[in-house]
Every structure is written in C-alpha cells, then in structure tokens.
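Enquirer: Below is the structure I would like to discuss, written out as structure tokens.
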Amino acid sequence: MSDLAAPDDLILLNPGPACTSPGVRAALLRGDLCHREPEFAALLARLRTSITRCLGVPDTHETVLITGSGTAAMETAVIGSVRAGRKLLVVNNGVYGARLLAMAEAHGIETVVVEAPWTTPVDPVAIADRLRSDGHIDAVACVHHETTTGMLNPIAEIGAIVRDHEAVFLVDAISSTAIESPDLAEVGADIICGTANKGLHGIPGVSFLLLSTAKGVDRVAAVPRRSVYLDPAAQLAAQRAGDIPFTPAVQTCYALDEAITEYETAGGYAARVRLYRERAAVVRAGFARLGLPVLIEEPYRANSVTALELPTGVTYPALHDELKHRGYVIYAGQGRLSRTHFRIATMGEIPLPRLVELEGALEESIRHLAKARGE
Ligand SMILES: Cc1ncc(COP(=O)(O)O)c(C=O)c1O
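See below:
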C-alpha cells in the first residue's frame, strides 16, 4: 500500500483496536504501580465487579481478567471447558469459529464440528441433534458475532438447548459484548470471552472470561491443566484472593476502568446498543445510496461490522489508501473474501458526523479511482 499522508484525526473503521476517548487515553498516565500492592488488588477487584455489572450478569457470572488480546481469552476458554476424554463441539462459520477449532486441536482436545456457510447463521437444531447423539460432548463453542462477515449466530437459541445438557456453553463474544443483543443475561452462556478494546472502548492488551456460577466456575476447576499461563482455574483462585499470577498490563487496566466508567455514565448497555444501531443505520443508508452490496442478509447483520463488495475494478489496497487520505482506516475482507470484499466497522469513540461524512469520502474515493483507470 502507498504511503499517502493521512490526517492526525484518523477514524479507525477496523473492528478493534478502536478509537478511544481522551479520558481513556489519559488514564494510561495514572502512574506506575506494582501489581503486588494493595492499590492493584483494589483495581482488580473493581474491574472484576464492574465488568460483570456493566455487561448485565452481576449475580450469575464471575470475571477472570486475562492479560492478552481476545485470542488469549478464547484459548483460555477452550482449554478450560472440556474434561479429560470428552469433546468440544465447535460451530464453524467464519474465521473465529475456525480459530476455536484450531485451538482445541492444538491442545489435543477431540472436536465435533457443526459447519455452516460463512453467510448463514448456524442452525441450532444441528447442535441439538449432535448433543443428543453424542454423550461425550462436554462443551459447545460458538462465536456470537463472526467479525469475518459481520454476521450474528443465534446464541440465545443455542443457550436454551445447551442448558438442558451437562455440557457447558462457551461463547466468543469478543466483538459483540456491549454492542449486540441479546443481552448476555438472556443467553445463559457458561464461559464467555470478551475484550477491552472493542465495544467497551478500552485499550488493547486486556481481555476477560465471564464464568457462570451455575456451571462455568466448576467446569474450569474440573479440567486438566493444559497451560501454565492460560489456566482459568489458577487465575480465578488467585484473582478471588486479590492477586494475579503474572505481571498484568497495569496501565491497560487503568484505561479499562475509565472506559467502563464512561460507558456506565453514558447509560450502559442499552445506550451503547442504541448508539451502535444508529451508527449502522447511518452508514448502511450511505452504502445503499452508493450501490455497495452488503454481504450478510438484513436479519443476521451485526450492529458494528458491515462486509461490502468491492466496486468493479477497485482493489482493496487502492480503496484503503484513498480513504486513509480522507481520514478513514477501513479493513480488508478476511480469508477467502480478501479479494472481493472490504469491511467497515463502527466500533469505538467515533463522532456521528464523521460517519455521516463517510458516504461522501467513499463516493469521492471510488470516483477518483475510476478516473485514474481512465473511466
Ligand atoms: C469474534 C472475535 N474473536 C476473537 C478475536 C480475536 O481478538 P484479538 O485480535 O484481540 O486477539 C476477534 C478479533 O477481532 C474477534 O472479532
């Protein structure tokens, strides 16, 4: 890609790390702190409580904070969900479902895969059938928002099915927490993966698991220890005692603390879902006027990511550079969609007028590229 000069106030339209508020960035400078001091124990305790509170599961789930990106949370969840000699059922209809599967395979956990096309939410009946026919399935893992395509899987329906079984329900909610409905309280998942730097508008480097007190907490204690660093049972025991086993990303925790305060002050989950719906409506109206086809059918679309077909004759690198020059960082199509599609995410602190202006920037960029091709 070329090195076109870009404005200082770039708007990140990639699905995390997302633009942050001045308050969140300032929180990084709260000062140096040793994680063995009581001040860090207080911060850890506050975060463990505020994360479950702000995501609507304060009485049913417990937080395990993880130093690492969302992928670290996914791997901790996968290896903490399946007892020895049992299997993990994985829904695979996107890059992140495939990642859950690769993690299970890397740790020698036997898997059962329920596949669906990348543009189709998984059918919960297929999961019910597999659970009925295979008594060794110990956990069902599904990505809520497949960021690959901007598509939502029906996690509330799957949650209702898994609830009647001994299996636990593992949800990768990394790109849906605080953004999408249904609310986590409705889903009944037992091991939920989330991250600081998408819907919560924090800084990258910290992620978390939410473990249900009904099943999730007992399950992580019953699995064999498959990793030293990503050991949910050891992390939970230490964090309950106000400790954390390894050096945490202290400053990123400060920033998450501030991000949660700002989120709750702005009205919490309901207000943030409304905001993301409004953003989706604004940008998608522009895409429709420009004649850019959206990959995913309307009822399954996530609020925060839209995968769009590249206009004829336009390559992703060229469109990326044109838009960066106009103040916007867009994101490539993933995997097999990388040559045909691009993605626009509306996560993080983005002033609405900049999303209104995106349509004009896209139109100008596409026109400029057509002119350069001599059309
Ligand atoms: C659904 C989903 N799961 C997992 C991840 C991995 O998160 P990270 O890139 O923070 O490791 C992402 C990142 O975009 C995601 O969208």
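Per this note's numbering, residue 205 is the first one in the sequence shown, and the count goes up by one each step. Note that the Cβ used here is the ideal one computed from N, Cα and C, for glycine as well.
1. Any heavy atom of ligand 1 closer than 7 Å to the beta-carbon of Y532?
2. If you follow the beta strand (DSSP E) that H545 is in, where does it begin and where does it stop?
3. Report the partner residues of A276 according to the DSSP bridge assignment.
4. Report the partner residues of C346 according to the DSSP bridge assignment.
5. For the alpha helix (DSSP H) holding L566, just list the boundary residues, first then last.
6. Measure the Cβ-Cβ separation of V329 and A320 and say whether it is below 8 Å.
7. Which residue from V268, E350, D338 puts its Cα closest to that of V295?
8. Hey, would you say the C-beta of T516 is under 7 Å away from at least one heavy atom of ligand 1?
9. Is T275 near ligand 1, in the sense that its beta carbon is under 7 Å from a heavy atom of that ligand?
10. Any contact of the segment 507-516 with the segment 345-360, i.e. 3+ C-beta pairs under 8 Å?
11. Just list the beta strand (DSSP E) runs in the segment 299-357, keeping only unbroken ones of 3 residues or longer that don't cross its boundaries, in chain order.
12. Could you check what DSSP says for H239 in three-state terms: helix, strand or coil?
13. Is G220 near ligand 1, going by C-beta to nearest heavy atom under 7 Å?
14. If I follow the unbroken alpha helix (DSSP H) through G388, where does it start and stop?
15. Among S542, T544, Y504, which one has its Cα closest to the Cα of E384?
16. With a threshold of 6 Å on Cβ separation, who are the neighbours of L374 within its own chain once the five nearest residues in sequence on each side are excluded?
17. Which first and last residues belong to the alpha helix (DSSP H) in which L494 is found?
18. At a cut-off of 7 Å, would you count D447 as near ligand 1, judging by its Cβ distance to the nearest heavy atom?
19. Can you tell me whether DSSP reads A453 as helix, strand or coil?
20. Quick check: what's the CA-CA separation for L566 versus P557?
Expert: Quick look at the numbers:
1. no
2. 545-549
3. None, per the DSSP bridge assignment.
4. V375
5. 562-576
6. no
7. E350
8. no
9. yes
10. yes
11. 314-319, 341-347
12. coil
13. yes
14. According to the sequence provided, residue 388 is Leu. The question's Gly does not apply to it. 388-391 is the extent of the alpha helix (DSSP H) around L388.
15. Y504
16. A281, S285, A343, A345, I395
17. Careful: L494 lies outside any alpha helix (DSSP H) and carries neither H nor E.
18. no
19. coil
20. 15 Å
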